[in-house]
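Engineer: Line order of the protein sequences matches chains A and B. The working numbering applies: residue -19 is where the first sequence begins, and numbers increase by one. The working numbering applies: residue -19 is where the second sequence begins, and numbers increase by one.
Protein chains: 2
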Amino acid sequence: MSERTPSGTRDVLPDEMRELRALTDRTRGTFEAAGYGEVYTPALEFERDSNAATGPGAASYRMFDERGNVLVLRSDMTVPIARLVGTRYSATPGPLRFCYVAHSYRSVGSHRGHAREVLQAGVELIGAPAPEGTVEALTVLCDALDAAGLTGYRVGVGDATLYPVLLERLGVAAERRSEILRDLSVGDFVGVESQLSWLGLAPEDAELLISVPRMRGGPELLAGIDPRLADAAGGLRQVYDALPPRVAERVIFDFGLVRNLGYYTGVLFQVYDDAIGEPIGSGGRYDELLAQFGRPEPAVGFALNVELLHTAVAGEERDG
Amino acid sequence: MSERTPSGTRDVLPDEMRELRALTDRTRGTFEAAGYGEVYTPALEFERDSNAATGPGAASYRMFDERGNVLVLRSDMTVPIARLVGTRYSATPGPLRFCYVAHSYRSVGSHRGHAREVLQAGVELIGAPAPEGTVEALTVLCDALDAAGLTGYRVGVGDATLYPVLLERLGVAAERRSEILRDLSVGDFVGVESQLSWLGLAPEDAELLISVPRMRGGPELLAGIDPRLADAAGGLRQVYDALPPRVAERVIFDFGLVRNLGYYTGVLFQVYDDAIGEPIGSGGRYDELLAQFGRPEPAVGFALNVELLHTAVAGEERDG
Chain A
-19 MSERTPSGTR DVLPDEMREL RALTDRTRGT FEAAGYGEVY TPALEFERDS
31 NAATGPGAAS YRMFDERGNV LVLRSDMTVP IARLVGTRYS ATPGPLRFCY
81 VAHSYRSVGS HRGHAREVLQ AGVELIGAPA PEGTVEALTV LCDALDAAGL
131 TGYRVGVGDA TLYPVLLERL GVAAERRSEI LRDLSVGDFV GVESQLSWLG
181 LAPEDAELLI SVPRMRGGPE LLAGIDPRLA DAAGGLRQVY DALPPRVAER
231 VIFDFGLVRN LGYYTGVLFQ VYDDAIGEPI GSGGRYDELL AQFGRPEPAV
281 GFALNVELLH TAVAGEERDG
Chain B
-19 MSERTPSGTR DVLPDEMREL RALTDRTRGT FEAAGYGEVY TPALEFERDS
31 NAATGPGAAS YRMFDERGNV LVLRSDMTVP IARLVGTRYS ATPGPLRFCY
81 VAHSYRSVGS HRGHAREVLQ AGVELIGAPA PEGTVEALTV LCDALDAAGL
131 TGYRVGVGDA TLYPVLLERL GVAAERRSEI LRDLSVGDFV GVESQLSWLG
181 LAPEDAELLI SVPRMRGGPE LLAGIDPRLA DAAGGLRQVY DALPPRVAER
231 VIFDFGLVRN LGYYTGVLFQ VYDDAIGEPI GSGGRYDELL AQFGRPEPAV
281 GFALNVELLH TAVAGEERDG
């Protein structure tokens, strides 16, 4: 039989749809109870807005409108909400709190099983700097996962500046840094080590660069850390110390956490659950994105993949 | 200031979004209470499926996937649900009842104010012939509008075969018929009259063809009708006689009702409200569409434009 739907897309039948609706209702309810107002932005947006935020090529699907403008399908909701804030809330004092439940569109490349159409539920907190804004985002994240009925999850927390700053301090040239970070963002540790071996670093520096992305653990990881990581570690410590205990107990520090989206600037996080082999959601600080839309303000947000969250909740229930 | 979003699209801010959610929750609740299970199909679909149902060119946005397949953005949910039924429910006995709340995508042409992205809530009833299936669809439609809080609406009811059959019986050639129907589908009565004037018809035939599309009224319209309209009028009478009184009192027969979507085969309907200048929703029978997807069965459905419905409800409240 020929494929029913394009690869990376699928039909949702009533039994599953009822569960997905219940899940998004609960998640959205948590967001709204925390003061986040739901917004919707068009699935079709100007390519210029998409590019302004993330550089050319972030969007995978390009079309023309009747006037020759290039339109793209949104690849996430963070950039459209940044544009929305810049155009519709330019005079409204922050912090601003928005949430959404919406589909985004990605290319699936040659990877089987990657989703072309992704249903996301998330929040954006605009005008709330670190550490307070980050603490609030992590708290809303855990409250939403709790409301979804997920019990065994952990939140990996890292910092987007940690590894790039370390590479810079050890004298690695800019173009080598971006190649190493690209390998690291897809979890290719072998590629990272291979690249490092060609740099002629002092053995102890090379060893530090190899070991740091593998460092995972509790808050003890932040004590006794190499002084060249002290800035990022200090920022993580500030967030951790301000977390409510129910959130702090979910946190695992992960120094290998790097996102390949250009706009992240500080603390990053990712949601894991043993019931499923890939992250259920992710987020972080993007303190420079809003300036692209005329409102320079710090911001933080996250997105949950609703279908993976549903699979994880079902998996936990099945595995008991 | 440059446009914020592509023409025919818009941002929805929290106050409105809350009302739209409440409206879709109520509408969906009505559909589910009547036995319709919600489904979701991908926004990106194969062009071949779109074309199989409605002929080339129905979809306005074309893209390629990684393997060279042509993908399009869905232009409605009726065709994808027909495909879904053919692929996922091929062995399930009917009638099948599905509902949806989803966006569809249209080209806006040169018409300002036309929507490129349309949020629709609707149902499809597969395997239920006329008149019973049509009666059920009209009843669910009115129940949903009542649940939405709309009070002053009327449902225009016509038949897709009425005017084409009359043209044929009066000897109008096939290619002229399709041109006349195209004018009629956009309400261009002047164009219809102009085209008819060139056909050399007997004066009484020309007069009949000019007067029929303007015929609107209650069930008295079906009595004493020209015998060449008797088939369609008989079908409308059967539906009308089986409607619950709360539905029958909303009906206005409209012999000018023609849809430019190729798949409609029988009774058609459209929702009007004085608070708004365009139809809030529409539907009808499509008894031949399912055969395109390997399951020849009669079917009927409708879609409400959620944002127009919201505007109409708000307009009625304002006008009191």
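Where is the CB? At the ideal position from N, CA and C, for every residue including glycine. If you're wondering where the values come from, they're calculated on a predicted model, not measured in any experiment.
1) Helix, strand or coil for A182/A per DSSP?
2) For a contact meaning CB atoms closer than 9 Å, what does S361/B contact in chain A?
3) Quick check: what's the CA-CA separation for G74/A versus D56/B?
4) Alpha carbon to alpha carbon, what distance is there between A71/A and D303/B?
5) From this set, Y69/A, L3/A, C122/A and A186/A, which residue's C-alpha is nearest R(-16)/B's C-alpha?
6) Could you check how far apart the C-beta atoms of T10/A and A124/A are, in whole angstroms? I think they sit under 8 Å.
7) According to DSSP, is I205/A helix, strand or coil?
8) From P207/A to E18/B, what does the alpha carbon distance come to, in whole angstroms?
9) Would E(-1)/A pass as an interface residue toward chain B - the criterion being a Cβ-Cβ separation below 8 Å?
10) Please confirm if P(-6)/A has its CB atom under 8 Å from at least one CB of chain B.
11) Might you give, ordered along the chain, the residues of its own chain that have their beta carbon closer than 8 Å to the beta carbon of E287/A, omitting 5 neighbours on each side?
12) Between R230/A and the ligand ATP, is there a pair consisting of the residue's CB and a ligand heavy atom that are separated by less than 7 Å?
13) Look up S(-13)/B in the DSSP assignment and say whether it is helix, strand or coil.
14) Start and end of the alpha helix (DSSP H) containing Y252/B?
15) Whole-angstrom Cβ separation of G264/A and R239/A, contact assumed at under 8 Å?
16) Can you list the alpha helix (DSSP H) stretches of 4 or more residues lying completely in the region 11 to 35 of chain B, in chain order?
17) Taking 8 Å as the CB-CB limit, is S55/A close to chain B?
18) Do we get a CB-CB distance below 8 Å when we pair L51/A with the residues of chain B?
19) Do D299/A and G215/A have their CB atoms nearer than 8 Å?
20) With a threshold of 16 other CB atoms inside 10 Å of the CB of T131/A, please say whether the residue is buried or exposed.
21) Hey, which unbroken runs of the beta strand (DSSP E) at 3 residues or more fall wholly within the region 43 to 71 of chain A?
22) Against chain A, with Cβ distances strictly below 8 Å, would V120/B count as a contact?
23) Along the chain, where does the beta strand (DSSP E) containing D126/B start, and where does it finish?
24) Just mark R194/A as buried or exposed, buried being the case when its beta carbon has 16 or more other beta carbons within 10 Å.
25) For a contact defined as C-beta to C-beta under 9 Å, what are the partners of G17/A on chain D?
26) Near Q41/B, what residues of its chain come up, given a Cβ to Cβ distance below 7 Å and the 5 sequence neighbours on each side ignored?
27) Would you say the region 272 to 282 of chain A touches the region 112 to 128 of chain A, given that touching needs at least three Cβ pairs under 8 Å?
28) Does DSSP put Y220/A in a helix, a strand or coil?
29) Would you say L3/A faces chain B, with C-beta separation under 8 Å as the test?
30) By a C-beta neighbour count over all protein chains shown, 10 Å radius and 16 as the cutoff for buried, is R63/A buried or exposed?
31) Does any residue of chain A have a CB that is nearer than 8 Å to the CB of H83/B?
32) Using a Cβ-Cβ cut-off of 8 Å, state whether A71/A counts as contacting chain B.
33) When DSSP builds the beta bridges, which residues end up paired with H290/B?
34) Per DSSP, what kind of secondary structure is A101/B in: helix, strand or coil?
35) Within 8 Å of any Cβ in chain A, is that where the Cβ of F235/B sits?
36) What does the Cβ neighbour count give for R169/A, buried or exposed, with the cut at 16 atoms within 10 Å?
Structural biologist: Checking against the coordinates, here is how it stands:
1) coil
2) Because chain B in this structure spans residues -19 to 300, residue 361/B falls outside the shown range and cannot be described.
3) 39 Å
4) It is not possible to answer for residue 303/B, since the shown part of chain B is limited to -19 through 300.
5) Y69/A
6) 4 Å
7) coil
8) 56 Å
9) no
10) yes
11) L0, A95, V98 and L99
12) Ligands displayed in this structure: none; no statement on the ligand ATP is therefore possible.
13) coil
14) Where Y252/B is concerned, there is no enclosing alpha helix (DSSP H), although the beta strand (DSSP E) it sits in stretches over V247 to D253.
15) 7 Å
16) 27 to 34
17) no
18) yes
19) no
20) exposed
21) 50 to 53
22) no
23) Segment E112 to A128 is the alpha helix (DSSP H) holding D126/B; no beta strand (DSSP E) there.
24) exposed
25) No chain D is part of this structure, whose protein chains are labelled A and B.
26) The sequence given here has Tyr at residue 41/B, not Gln. V52, L53 and Y85.
27) yes
28) helix
29) no
30) buried
31) yes
32) no
33) Paired residues: none, contrary to the question.
34) strand
35) no
36) Here the sequence assigns Phe to residue 169/A, which means Arg is not the residue at that position. By the neighbour-count rule (16 or more Cβ atoms within 10 Å), F169/A is not buried but exposed.
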